[in-house]
Amino acid sequence: MSGTQDSKHSELIQIDMKEFEPWIGVPHGGLQMKVPFVQQDFQRWVTHTDNYNPLHFDESWAAASRFEQIVAPQSFTGIRAAGDDAIFMSKTLMAGFHVSDDFFFYGPRIYAEDRLFIDRVLSSARPTNTRYGPSVFLNFGTTFATQRGMVVKKRSTVMLHPKENGLVLGKGKLDTAAPVPPEPEWTDAQIDELREAKLAYIRTFRTHEKRLFESVKVGDKLPRAVLGPHTGLTFLYSDACCPEDVWGLTHVPDQPPLLPRNSNFGYDIPDLPEMPLNRARFVMNEGRGRHVYDKAAIRGGLPRSFAIGSVMTIWGTDHFANWAGEWGFLRHLTMRFNSSIWSGDVTYIDAEVTELSPGPAGHGTVHVSYHLVNQDGLLQCSGTGKIELPLE
Numbered sequence: 001m002s003g004t005q006d007s008k009h010s011e012l013i014q015i016d017m018k019e020f021e022p023w024i025g026v027p028h029g030g031l032q033m034k035v036p037f038v039q040q041d042f043q044r045w046v047t048h049t050d051n052y053n054p055l056h057f058d059e060s061w062a063a064a065s066r067f068e069q070i071v072a073p074q075s076f077t078g079i080r081a082a083g084d085d086a087i088f089m090s091k092t093l094m095a096g097f098h099v100s101d102d103f104f105f106y107g108p109r110i111y112a113e114d115r116l117f118i119d120r121v122l123s124s125a126r127p128t129n130t131r132y133g134p135s136v137f138l139n140f141g142t143t144f145a146t147q148r149g150m151v152v153k154k155r156s157t158v159m160l161h162p163k164e165n166g167l168v169l170g171k172g173k174l175d176t177a178a179p180v181p182p183e184p185e186w187t188d189a190q191i192d193e194l195r196e197a198k199l200a201y202i203r204t205f206r207t208h209e210k211r212l213f214e215s216v217k218v219g220d221k222l223p224r225a226v227l228g229p230h231t232g233l234t235f236l237y238s239d240a241c242c243p244e245d246v247w248g249l250t251h252v253p254d255q256p257p258l259l260p261r262n263s264n265f266g267y268d269i270p271d272l273p274e275m276p277l278n279r280a281r282f283v284m285n286e287g288r289g290r291h292v293y294d295k296a297a298i299r300g301g302l303p304r305s306f307a308i309g310s311v312m313t314i315w316g317t318d319h320f321a322n323w324a325g326e327w328g329f330l331r332h333l334t335m336r337f338n339s340s341i342w343s344g345d346v347t348y349i350d351a352e353v354t355e356l357s358p359g360p361a362g363h364g365t366v367h368v369s370y371h372l373v374n375q376d377g378l379l380q381c382s383g384t385g386k387i388e389l390p391l392e
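Structure follows, in structure tokens:
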């Protein structure tokens, strides 16, 4: 396999695919949990990701559910410091961004005392030319399983390009999908209105009753979810809610031979026992830090902090899983990242039923399309979902 060519701009740096070929099909390492989960892991998760479903934090409510105990939300594998494709992205000096995610949910719920095992691999690497010049699309496969079986399989697509080429082509360090307006200033009255809208949404899924397949019709619109206003602090909460971020709970049993080279990317496999996580580098760098710290974002050519892509998949997963209720189940979610979610934004999730089809025994499948938009109606993410609901 050869690198890409761009005849119009001979000064552009070309991509040598030999950098990627040795990694295709090879597990690329990362952290693994040493201990089982505890109930507080699930409670902290939903607290930091704004999931108000009491099934995941309220002991009395969960005891009255079909599970008779608190269970992890389906989004619990959405951000995993141990499983992010950033592990591989940090091995290259190229710039890049997340393009899309594809999640397949297989069914075993995660309970306290479960252990999570993560396998991750670079599935393919495809060279091409984009508006950033010579580029490469990487496809990752990540599998999450407990001792009781596979929970989630995730496929991610990432586009990388030599960052110097962006400057040659006049793209700067990041070319946003649309002009970024100034950070909104929310009045107290507007905050109160948002709170009431959130409360109305939350009340739509506070029930133990079954949502039956026959109660759903094509064209039905799901309740509108409301999230935000976002800040660098809320982005930090969402990014740091993983049990893996707690010192001493992880180990690296399969460290890949090629250590991360790009210290600015932000994925930090600890190598000093005296310092489990270099927090200063985490916050200040132009990679992971730009999601939570405005100055780091500005140094990276951005106006301010913005949401990490995995947070958006968590919001989408929670939205559909909560609508399905404790008797339903989200089976498949696709997400394409259309534009950034900036600090100061409010995010709305709009979804509509597009198709109804037979499911496994005793269930039907509800197909939905959805999009995330901000307070100005700007499209931020879009995708589809498949949700199983009981027939009776």
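Going left to right, the sequence shown walks through residues 1 to 392 as the UniProt record's numbering numbers them.
Positions of the beta carbon are idealized from the N, C-alpha and C atoms, including for glycine.
Which term fits P73, buried or exposed, when burial requires 16 or more other beta carbons within 10 angstroms of its beta carbon?
-> P73 should be labelled buried.
Which runs of the beta strand (DSSP E), 3 residues or longer, sit entirely within the UniProt domain "FAS1-like dehydratase" (39-154)?
-> Qualifying beta strand (DSSP E) stretches, in chain order: 95-105, 116-130, 133-146.
So, do the segment 208-220 and the segment 343-350 have three or more beta carbon pairs nearer to each other than 8 Å?
-> Because the criterion of three Cβ pairs below 8 Å is not met, the segment 208-220 and the segment 343-350 do not touch.
As assigned by DSSP and simplified to three states, the class of R211 | R211 falls in the coil class under three-state DSSP.
Give the straight-line distance between the Cα atoms of H332 and G383, rounded to the nearest whole angstrom.
-> Separation of H332 and G383 (C-alpha to C-alpha, rounded to the nearest whole angstrom) is 10 Å.
Just the Cα atoms here: how many angstroms apart are E113 and F67?
-> When the Cα atoms are used, E113 and F67 turn out to be separated by approximately 15 Å.
Quick one: give me the first and last residue of the beta strand (DSSP E) that V373 is part of.
-> Segment 363-373, the beta strand (DSSP E) holding V373.
According to the Cβ coordinates, are R225 and I70 closer than 9 Å?
-> For clarity, residue 225 is Ala in the given sequence; the question names Arg instead. With respect to the 9 Å criterion, A225 and I70 are not classified as neighbours on the basis of their beta carbons.
Would DSSP call I15 helix, strand or coil?
-> Residue state, collapsed to three classes: coil.
Between P260 and I387, what straight-line distance do the alpha-carbon atoms span, to the nearest angstrom?
-> With a pLDDT of only 43 at P260, under the threshold of 50, the placement of this residue in the model should not be trusted; the figure read from the coordinates follows. Computed Cα separation, rounded: 38 Å.
Rounded C-alpha distance that separates E209 from C242 = Near 30 Å, if we compare the C-alpha coordinates of C242 and E209.
Under 9 Å between the Cβ atoms of S135 and I15?
-> Note that the C-beta distance between S135 and I15 is below 9 Å.
Would you mind reading off the limits of the beta strand (DSSP E) that contains V226?
-> Segment 225-227, the beta strand (DSSP E) holding V226.
From L356 to V368, what distance separates their C-alpha atoms?
-> Our two residues, L356 and V368, have alpha carbons roughly 9 Å apart in a direct line.
If you run the structure through DSSP and keep just helix, strand and coil, what is R195?
-> DSSP places R195 in helix when its eight states are reduced to three.
Can you give me the Cβ contacts of Y52 inside the same chain, cut-off strictly under 7 Å, excluding the 5 residues immediately before and after it?
-> Non-local C-beta neighbours of Y52 in its own chain, meaning closer than 7 Å and more than five positions away in sequence, comprise I202, ordered along the chain.
E164 (DSSP reduced to helix, strand or coil) = DSSP places E164 within a helical segment (H, G or I) once states are collapsed to three.
With distances taken from CA atoms, which of K18, P229, H161, G248 is nearest R131?
-> Minimum Cα distance to R131 is reached at H161.
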